[in-house]
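Trainee:
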Amino acid sequence: MSAVLSGPSLSQRLRPFFRGFDGPLMLAIAWLTGVGLLCMYSAGYDHGTRFVDHARNFVLAFGVMFVVAQVPPQKLMRVAVPLYVTGVVLLVAVALFGITKKGATRWLDVGVVTLQPSEMLKTAMPLMLAWWFQRREGSLRLLDFIVAFVLLALPVMLVAKQPDLGTSLLVLGAGLYIIFFAGLSWKLIIPVMVVALVGITALVASEEKICQPDVEWPMREYQKNRVCTLLDPHKDPLGKGFHIIQGEIAIGSGGLTGKGFMQGTQTHLEFIPERTTDFIFAAFGEEFGFLGAMALLAGFTALIMRGLIIASDAPTLFGRLLAGAITMSFFTYVFVNMGMVSGILPVVGVPLPFISYGGTAMVSLGLALGMLMSIARSRGSVQR
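For the sequence shown, this note's numbering puts the final residue at 434, and the numbers step up evenly by one.
Written out as structure tokens, the structure reads:
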């Protein structure tokens with residue numbers, strides 16, 4: 051009887067589930083979570099239940115992270131092909147039977163719930179390519195990279211056709227990171243970078259001519275407007291350029307130390323559009339200034355650096371590629387979001403991790419962090 055009563059305590063039973071969790075990664079996550087809650091309270095306290103919902107989404111994300119972290123990378127690898135195939139099939143179904151809202155066909159009604167399959171590819175794409183290169187480890191040829199580009203191009207084109215340029219770029223970026231880490235030669239990368247640099251330079255230099263209303267671009271009209279607005283937002287300050295101009299004003303008015311917590315005039319007088327989602331960094335910069343932005347960037351830098359260390363120490367090629375792609379995807383999210391709010395990139399719907407409001411984005415964040423934590427735990431188990 052005494053042996054039964056003196057069994058393991060609750061903490062002793064739970065300890066194996068937390069064993070192997072990466073401490074530095076958890077510290078970076080905790081810091082960014084705190085900043086995200088603080089920022090959402092200020093930006094969203096008078097915006098319905100945004101703060102409460104944001105806190106609930108964090109709890110949900112941490113639950114997803116905890117569950118996924120218990121799954122070994124070997125089991126994650128088994129779901130790569132089924133998840134990728136399912137995602138592509140659903141994207142084809144969206145193209146054929148999808149729901150159109152505001153000119154975009156991105157959703158699929160399956161009866162019980164409405165899905166946005168493009169979100170699935172943010173996870174499925176790096177999993178699939180990491181699985182592919184793991185299978186080809188030790189015998190990589192040029193043909194293997196060609197197959198990888200085909201696997202990447204198919205969902206990217208389907209998502210871009212919806213149209214959803216922001217998500218297609220994120221899926222493309224995640225896939226390209228995998229291909230680069232797998233060993234793609236710099237001889238193939240540098241020419242593409244040079245062509246891109248020349249193209250951007252030519253675009254900026256010829257802005258006056260190519261942005262005229264009668265000039266047609268090989269893309270949709272709204273995409274042309276986004277690029278032309280980026281090049282000169284003051285041509286239409288109360289229309290297409292309003293978002294960029296107000297974001298720049300808010301960030302600039304924050305100065306070195308900011309206007310103070312909950313004291314942002316641009317934010318609370320509602321000059322900043324989408325202040326709790328895509329443009330939340332403008333609200334943060336106004337209230338916390340340059341020093342606050344540096345503290346936020348320090349948190350993201352710590353997260354990214356720790357992720358790359360986890361990737362470099364992973365025991366398998368699959369783990370190294372997947373962890374590297376997940377980590378660099380965080381960089382892409384941060385760079386694109388801050389870049390569009392600051393006026394150096396076109397405005398696209400890319401949230402700022404931990405900071406922007408959004409249930410789907412938060413669940414995706416928890417899933418990515420869970421896979422990263424799983425890879426970190428597998429490294430620890432091998433060392434032991």
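Ideal Cβ placement from N, Cα and C applies to all residues, glycine included.
If you count every other CB in all the chains shown that lies within 10 Å of the CB of methionine 90, and 16 or more means buried, which is it?
Mentor: Flag for methionine 90 reads buried.
Trainee: Between which residues of its own chain and threonine 327 is the CB-CB distance below 6 Å, once the five residues before and five after are set aside?
Mentor: For threonine 327, where only same-chain residues beyond five positions count, the Cβ hits under 6 Å are Ser406 and Tyr407.
Trainee: Over the uninterrupted alpha helix (DSSP H) stretch that includes alanine 130, give me the two end residues.
Mentor: 130-147
Trainee: CA-CA distance, alanine 373 and arginine 106?
Mentor: 26 Å
Trainee: Using the beta-carbon count (16 or more within 10 Å), is valine 109 buried or exposed?
Mentor: exposed
Trainee: So the beta strand (DSSP E) threonine 155 belongs to, where does it begin and stop?
Mentor: 154-159
Trainee: Taking phenylalanine 368 and alanine 180 to be in contact with their CB atoms under 8 Å, please state how far apart those CB atoms are, rounded to whole angstroms.
Mentor: 5 Å
Trainee: State whether the segment 339-349 contacts the segment 293-313, with contact taken as three or more CB pairs (one from each stretch) at a distance under 8 Å.
Mentor: yes
Trainee: Between which two residues does the alpha helix (DSSP H) holding tryptophan 452 run?
Mentor: Given a span of 51 to 434 for the chain in the structure shown, any question on residue 452 remains unanswerable.
Trainee: Going by C-alpha distance, which of Ala364, Ala361 and Glu324 is nearest aspartate 391?
Mentor: Residue identity check: residue 391 is valine in the sequence provided, not aspartate. Of the candidates Ala364, Ala361 and Glu324, the one whose C-alpha sits nearest the C-alpha of valine 391 is Glu324.
Trainee: Measuring only the C-alpha atoms, how far is leucine 253 from alanine 246?
Mentor: Rounded to whole angstroms, leucine 253 to alanine 246 spans 10 Å at the Cα level.
Trainee: Output the distance between the C-alpha atoms of alanine 174 and leucine 358, rounded to the nearest integer angstrom.
Mentor: Roughly 20 Å between the two C-alpha positions.
Trainee: Taking 8 Å as the cut-off, does the segment 409-427 touch the segment 309-319 (at least 3 CB pairs, one atom from each stretch)?
Mentor: no
Trainee: Report the rounded CA-to-CA distance for leucine 288 versus valine 397, giving the unit in angstroms.
Mentor: 16 Å
Trainee: Kindly give me the distance between the Cβ atoms of alanine 111 and valine 413, rounded to whole angstroms, as I take these residues to be in contact under 8 Å.
Mentor: Contact between alanine 111 and valine 413 holds, since their C-beta atoms are separated by about 6 Å, short of 8 Å.
Trainee: Can you tell which of Asp103, Val117 and Leu395 has its C-alpha closest to the C-alpha of leucine 219?
Mentor: When only C-alpha atoms are compared, the closest one is Leu395.
Trainee: Hey, could you find the ends of the alpha helix (DSSP H) serine 218 is sitting in?
Mentor: That run of the alpha helix (DSSP H) goes 215-231.
Trainee: Could you tell me the alpha carbon to alpha carbon distance between alanine 411 and proline 401, rounded to whole angstroms?
Mentor: If I take the Cα positions, the gap works out to 7 Å.
Trainee: With DSSP collapsed to three states, give me the class of threonine 16.
Mentor: An answer regarding residue 16 cannot be provided, because it is not within the stretch 51 to 434 covered by the chain.
Trainee: Report yes if the C-beta distance between alanine 93 and threonine 315 is below 8 Å; otherwise report no.
Mentor: no
Trainee: Among residues of its own chain, excluding the 5 on either side of alanine 438, which ones have a beta-carbon nearer than 7 Å to its beta-carbon?
Mentor: This structure cannot settle anything about residue 438, because the visible part of the chain is limited to 51 through 434.
Trainee: From the DSSP output, in three-state form, read off lysine 309 for me.
Mentor: coil
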